[in-house]
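The C-terminal position of the sequence shown is numbered 687 in this note's numbering, with every residue numbered one higher than the one before it.
All residues carry an ideal CB built from backbone N, CA and C; glycine is no exception.
Taking it in order: structure first as structure tokens, then the write-up.
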Amino acid sequence: METFEWIILLLLGAALLSTLARRLGAPYPTFLAIGGACLAFVPNSPEWTLDPHLALTLFVAPVLLDAAYDTSLRDLRDNWVPVANLVIVAVGVTTVAVALLARWLVPGMPWAAAIALGAIVAPPDAAAATAIVRQVKLPHRLTKIIEGESLLNDASALLIYRLAVIAMVSGGFSLGGIGPAFFVTVFGSVAAGIAMGLAFPYVIGRFDDAPTALIVQFATTFGVWMLAEAVGLSGILTIVCYAMTIARRRDAPMPARLRVPVYAVWETVVFMLNAFAFVLIGLQLRPIWERLDMGLRLQYCAVALAVLVTVIVVRFLWVMTYNTAVRFKISRYGFHPPRPMARPTARGGIVISWAGMRGIVTLAAAFALPEHLADGTPFPYRDLILFTAFCVVFGTLVLQGLTLKPLIRWMNLRDGDPVGQEVKWARTEAYRAAIEAIKDDDSKHARLLCKEYGAVVELSEASPLQGEIGDLPGNPLRRQAIAAARLKANELRREGAIGDDAYYVLEEEFDWADLSAGAARSA
């Protein structure tokens, strides 16, 4: 019962911290990090443990699937060069720099453990960065680079992490076997993810109610990850390819009545996983801190601070070096993107450099470190790695997370809103197709719909971009009318003119009308 009470209390605390973050315009992981750090020193807080082998599966698989599902493959292709540089080079350079620093500060740390630490703190987090860039008008190209990097750098970093942990636990492995194993893992994971993604619609299409569909989605998400890991593939790459494949299958589209609750539940689950990741890591810090004497505490803090500074500085140096090279190339040969987008600028490079907050993947990878090696001895410096990982997450979320939004506004970056332009054009074409589909119907309902859709096309063509992307002409009036209808239904219910059963039928109709009018987004 005590555990359940703590869970309820922590969930309420996470909800309050998230609300405070939204009011202050900060990413909610920043406040979760602060809450997790405070929890480590709360007297009589629970002592929860989690199987390290479960950490990556539980915390990373659903979060990564959610991010990959929303990723634009077209925009990823358009920006593959800067994304690849961040995913491969920036992660590699950061891993090496942190490993060298760790070996210098802690000479007794084995190379494999130092490399594992570097891989743990190398990948920035998607949730923190996107929570900020969606609050401000950041150029679309920069947003897609940040999102693409945050999605794919987990795969590169955790692949290095996996090899380092295997070397540490088993006592080493043959360098000659790394290359073939690497390529088999990469290409095998991509193929397996695509294959399972192609099969998914035939599975989910058999379920037509939201609760069952949700259970099947979560079961298959964890199942894909565990199956990939069981056969020696990368769970990260497999999940990414699996999610991007099912997001683009259109032969079995999900009906709206399922999609609305499914998306809401996934968003809630991702938030809860972030909250519990910070909670569990925070709870591990207290016993680590209590086991250390004052000298070791100072040493741990010094190492953590040095690693934090290193990951920030290395990212800034690499991004600005690449940004300078790209701008020099453009000055010589011109800028020829596949479609209209903002040109690379020094100010954009500074924003990308500062958008390197670490998050749930770093926490989960640190927690997933095995407690013992193959011979039964403790994993060397596991406490130091865990402590350092949390400090890096905490430091980047607080330092960069709270200052990124003011930095973006100060840089005053603009790109002409290419997404808004695409929405306006696609809306016109889509509603023209809708009119064409029903124009031969002479019924009264068809004539009314043709008038409504015709008005949407006319207003979309004649007016500039809407202030809020996706808000159809007439939606404000539609929402106003629906609100009045709700008030009247409530009045009739209070007066006893209608019963609860009739009221609930009307309420459901009003809810669907609200959704069609974009009420959820405007709220």
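In the three-state reduction of the DSSP assignment, His500 falls in the coil class. Of the candidates Leu362, Thr221, Val255 and Ala411, the residue whose Cα lies closest to the Cα of Ala231 is Ala411. Lys308 and Lys652 have their C-alpha atoms spaced approximately 45 Å apart. About 7 Å separates the beta carbon of Leu447 from that of Pro210, a gap short enough to meet the 8 Å contact definition. Look at Pro425 here: in three-state DSSP terms it is helix. Burial is judged here by how many other beta carbons sit within 10 angstroms of a residue's own beta carbon; Ala225 has at least 16 and is buried. Burial is judged here by how many other beta carbons sit within 10 angstroms of a residue's own beta carbon; Asn317 has at least 16 and is buried. Across the set Trp244, Tyr595 and Leu577, the C-alpha of Leu577 shows the shortest separation from the C-alpha of Leu302. The residue from Val350, Leu265 and Cys405 with its alpha-carbon nearest to that of Tyr233 is Cys405. Taken through DSSP and simplified to helix, strand or coil, Pro226 comes out as helix.
In the DSSP annotation of this structure, the continuous segment of the alpha helix (DSSP H) that includes Lys569 starts and ends at Leu568 to Met575. In the pairwise beta carbon analysis, the segment 551 to 558 is classified as not touching the segment 310 to 330: fewer than three pairs are separated by under 8 Å. Cβ neighbours of Cys202 within its own chain (closer than 8 Å, five residues either side excluded): Gly446.
DSSP, read as helix, strand or coil, puts Pro451 in helix. When DSSP reads this structure, Pro288 sits in no beta bridge, so it has no partner.
Pro542 is bridged by DSSP to His536. In this chain, Trp212 is not harboured by any alpha helix (DSSP H), its DSSP state being neither H nor E.
In the three-state DSSP reduction, Val367 falls in the helix class (H, G or I). If you keep only unbroken alpha helix (DSSP H) runs of at least 4 residues inside the segment 589 to 632, you get 608 to 626. Under the three-state reduction of DSSP output, Asn317 falls in the helix class. Here the C-alpha atom of Phe195 lies approximately 23 Å from the C-alpha atom of Trp574. Taking a C-beta distance under 8 Å as the contact criterion, Val426 and Leu378 qualify as a contact pair.
In the DSSP assignment, Phe168 falls within the unbroken alpha helix (DSSP H) covering Glu166 to Leu188. By the Cβ test, the segment 488 to 505 is not in contact with the segment 525 to 534, since fewer than three Cβ pairs between them sit closer than 8 Å. Under the three-state reduction of DSSP, Ile494 is assigned to helix. Within the same chain, and ignoring the five residues on either side of Tyr617 in sequence, the residues whose Cβ sits closer than 7 Å to its Cβ are Tyr595, Ala598 and Ile599. Per the Cβ contact rule, the segment 509 to 518 is not in contact with the segment 256 to 273 (fewer than 3 Cβ pairs under 8 Å). DSSP places Lys652 in the uninterrupted alpha helix (DSSP H) bounded by Asn639 to Glu659.
Per the Cβ contact rule, the segment 454 to 465 is not in contact with the segment 255 to 267 (fewer than 3 Cβ pairs under 8 Å).
Under the three-state reduction of DSSP, Asp239 is assigned to helix.
Using a Cβ-Cβ distance cut-off of 8 Å, the segment 669 to 682 and the segment 636 to 650 are in contact, since at least three pairs of beta carbons, one from each stretch, lie closer than that value.
The residue among Val424, Thr541, Leu281 and Pro191 with its C-alpha nearest the C-alpha of Ala468 is Leu281. Annotated as distal: Trp212 and Leu422, with beta-carbon spacing of 8 Å or more.
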